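Respectively, the protein sequence lines represent chains A and B.
FYI, the working numbering numbers position 266 of the first sequence as 266, with every residue one higher than the one before it.
Just so we're on the same page, the working numbering is the position in the second sequence counted from 1, plus 334.
Just so it is clear, CB atoms sit at the ideal spot from N, CA and C, and this is done for glycine as well.
As the structure is a computational prediction, the values presented were derived from the model and not from experiment.
2 protein chains.
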Amino acid sequence: MHKIAFDVMGSDKGLIPAINAGLHFLQNHHDVEIFFVGNQKAIENHLATVPNCPKNYQIIDTPEVIGMDGGIMDIRRKPDSSLVKALELVKNKSVDGMLTGGSSAAFIAGAHFILGEFEGVGKPGFMPTWPTIVENHTVLFLDAGANTDNSAQDLYNFAKMATIYAQTVLHQERPRVSLLNIGEEKSKGKDVHREAYELLKADQKLNFQGNIEAREMISGSTDIIVTDGFSGNIALKAMEGALKNLMKVIKTTLTKSLIRKIPALFLKKAFKEVGTKFDYKNYAGAILLGVNGVVFKSHGSSDEQAFGSTLRMTYEAIQGDVLAKIKTKMEVES
Amino acid sequence: MHKIAFDVMGSDKGLIPAINAGLHFLQNHHDVEIFFVGNQKAIENHLATVPNCPKNYQIIDTPEVIGMDGGIMDIRRKPDSSLVKALELVKNKSVDGMLTGGSSAAFIAGAHFILGEFEGVGKPGFMPTWPTIVENHTVLFLDAGANTDNSAQDLYNFAKMATIYAQTVLHQERPRVSLLNIGEEKSKGKDVHREAYELLKADQKLNFQGNIEAREMISGSTDIIVTDGFSGNIALKAMEGALKNLMKVIKTTLTKSLIRKIPALFLKKAFKEVGTKFDYKNYAGAILLGVNGVVFKSHGSSDEQAFGSTLRMTYEAIQGDVLAKIKTKMEVES
C-alpha cells in the first residue's frame, strides 16, 4: 500500500477540487491510501456530499493554514499548518510522499527545514515535466525556480538526479541531458555555464548533448534540461505565457466573424487536442528533487484535473522508488 | 536625405534578399540613400538583373566578410570587412545609421570598439520590438543578449534609454516600464533585481510599474521590459520557440485528416493573420542602444521581408533623431 499525504488547504481554488481529485484517484488505485491534511470539519462536510465515497483515506486535522502568499517564516510561525503537518508525515515515514497546491516559498522552506537535503546535494531543484511537440514525449526541466542562483556543481547534480528520475519513472534508458544557454558553443554564457559544461561533459555516465537554446525547449530534441533557478523560472513562464496568449489570439481571430465561426466549429475537436497537449493542468506538478522525501508542488491555481495529474506523478515517483535510487547514487558519488 | 549603410554580407541567406529589401525600401522612401556595403561585383551583378532599379544608392566595395560564426577577434582581423566598413561609415558620419544581418558577437564588439559607448552608459543593450496580443501594441525589451551579465545601474540605464525611444519613435507619452523577475513582489530575484527595483522606483520621470513575470511578456500590460542580457535572451528565445512550435502542432493537428483539412482551408486567412502577427520577420530587428550610432542587427536568417522591417526601424530611429535625444539625457544625468 502506497501512502500519500495531500495538503488540501492553501491553494487558490479551495479544498473541494483537491479532495475530489484525491477521491477520484482512490477509485482507480486500490494500492493507495490518501491522508487528507487540513481542516477536518471542512473535509468531512465535503465528503458527506460525495456518493459512493471510497474508504481508503484518513483525515489529519490541522487548525492552521499557510496561504498562497505565505513565506519562509510561516514554517516556524505555523507549526500546526497543513503544509508543515504533511511534510512531517513524510519525515516520520507515516507516508511515502506528499503533495500540496500551497505557497511555493513556504513549501521549499518547509521541505528544507523539515526533511533536509541529501548528502552530496547542495541545493534541491524544482522539476516539472513538460510536453514537447513530439508525440508521447516529455522533457524534464530543472531548476524551475526553487533557487535564484545555482553553482556549476548544482547544475551537475541536477543532471545526475534527473537522469535517474527519467530512467526510473519515464523508462528512458539513456536520457539526453542539455544545458540551457544563450548559444550552442561551449564558450557561451557565464562562468557558471562554462564550468557546468565541463562537469557534464566529463561524466561519461551522463548522456550530455551540450548547450541548448531556449527556443528548443519543447522541440523534443532532448530529455532533460538543466539550468539555474532564475533563468529556469523565466524560461518556463515565458513559454507558458506565449502558449496561453497565442491560443487566446487564435480564438479571437477565428471567432471574429460568422464566416469563420462555422468552419472553426468543425475544428473544435482539433483545437481541443492542441489545447490539451499544452494545457498546464496536465503538467501542473513539480517534484522538489534533492530533499529527503518525495514531495510535489501542484500549481497554485490547480483544479481537480491539475491535482489529479500531480497525484499521478507523486504515485509514480513513489512506485518507482526513485528517491532511494537517487539518494544512493548521489551519496555514493559525493 | 537620410543615409543608411546596409551591410549586405554575412547573413544566412546571402546578399540577394538584403539588396532586394533595400531597393524596395528606396522605391517607397525618396528621402533615403542606401550605401550597400559588400562585394561590389556581386552587388552589381544582382542589380543588373533588377528592372527599373532605383538610383539613390551607392556601393562601398569591401573585400572581406565576417561570417555568421564570426567573433570579437574578427573586428581586428578583418578591418576591410563589410561589417567594419559599415560601422566606420557611421563613425565618420558619412551615414546616419547602419544595419547588418551578420554575426551578433562581431557586431556588438565592432560597435563597441569603433563607435564607443555614450558617456553615462555602462553597457549597451540589444533592444528588439515585440508584438503583444493587444491590437497595434508592441513592447520594447532589453537587454536581449548583448551582455551575459548586467548591474542594477545597467538595468536602470536601459529603462531610461528605452523610455526616450518609446516616446520618440513609438509616440508613447508615458511608456510603462517593468522589470523582468520571477515574481511580482519587490523582494523577489537576486540582489541585482532588488537594487534595480529601487533605482527604477526612485526616478519619478520613469513610469515604473514594478516587477513583471515572464508569462506577461506579450500580454500587452507594459511598454518596456528591462532585464539582464542572459535572462533576456533566454526569455525571448523561449517565447519564440513556443510560438513557432505551437503553430507547427496546430498545422499538423488540423491537417491530420481530410475532414479537418476542408474547414481548415476556410480559415487559411485567419491563420495567416495570427501567423503574421507573431512572425519574427516583422520584428527581426534590434537596435544596440547605448553606443554612439544608430546601429541595427537583423536576424541572421533574415529574408527580404525581415530586412525590410529592420530597414524601416533604422529609418524611424534616424528620422526621430532618437540617438541625440537619448545621448543628451544620459550625459546630462550621469
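- Within the stretch 362-408 of chain B, the complete beta strand (DSSP E) segments of 3 residues or longer fall at 366-372, 391-395, listed in chain order.
- With contacts defined by Cβ atoms closer than 7 Å, B:L657 and B:V629 do not form a contacting pair.
- From the listed residues A:R77, A:H2, A:S11, A:L89, the smallest Cα separation to A:N56 is found for A:H2.
- Taking a C-beta distance under 7 Å as the contact criterion, B:T472 and B:P465 qualify as a contact pair.
- Contact check for A:K327 against A:F118 passes: the beta carbons are separated by less than 7 Å.
- In the three-state DSSP reduction, A:H24 falls in the helix class (H, G or I).
- In this structure, B:F447 lies near B:I409, with their beta-carbon atoms less than 7 Å apart.
- Note that the C-beta distance between B:A445 and B:L476 is not below 7 Å.
- Going by DSSP, B:V628 is part of the beta strand (DSSP E) stretching over 628-632.
- In this chain, A:R312 is not harboured by any beta strand (DSSP E); it is covered by the alpha helix (DSSP H) spanning 304-319.
- Fully enclosed beta strand (DSSP E) runs of no fewer than 3 residues occupy 541-546, 558-560 of the stretch 518-566 of chain B, in order along the chain.
- For B:A548, at least one C-beta of chain A is nearer than 7 Å to its own C-beta.
- In the three-state DSSP reduction, A:I4 falls in the strand class (E or B).
- With contacts defined as CB atoms closer than 7 Å, A:T148 and A:R176 fail to qualify as a contacting pair.
- One Cα belongs to A:Y156, the other to A:L200, and the distance between them is close to 6 Å.
- The beta carbon of A:S231 falls within 7 Å of a beta carbon belonging to chain B, placing the residue at that interface.
- Cβ proximity to chain A below 9 Å picks out G575, A576, L577, K578, N579, L580, M581, K582, V583, I584, T586, T587, L588 from the stretch 575-588 of chain B.
- Rounded to whole angstroms, B:A376 and B:S416 show a C-alpha spacing of 13 Å.
- Note on B:S591: under 16 other CB atoms within 10 angstroms of its CB, so exposed under the neighbour-count rule.
- A:E240 sits in a helix when the DSSP states are folded into three classes.
- Counting along the chain, the unbroken beta strand (DSSP E) around A:T129 starts and ends at 125-131.
- Per the coordinates, the alpha-carbon of B:D430 lies some 13 Å from the alpha-carbon of B:L449.
- Annotation: Cβ neighbours of B:A572 in chain A (cutoff 8 Å, chain order): A214, R215, M217, I234, A235, L236, A238, M239, A242.
- Taking the C-beta atoms as reference points, B:G575 is found nearer than 7 Å to A:R215.
- For B:E607, the C-beta contacts it makes with chain A under 7 Å involve T253, in order along the chain.
- Any Cβ of chain B closer than 7 Å to the Cβ of A:R260 would place that residue at the interface, and such an atom is present.
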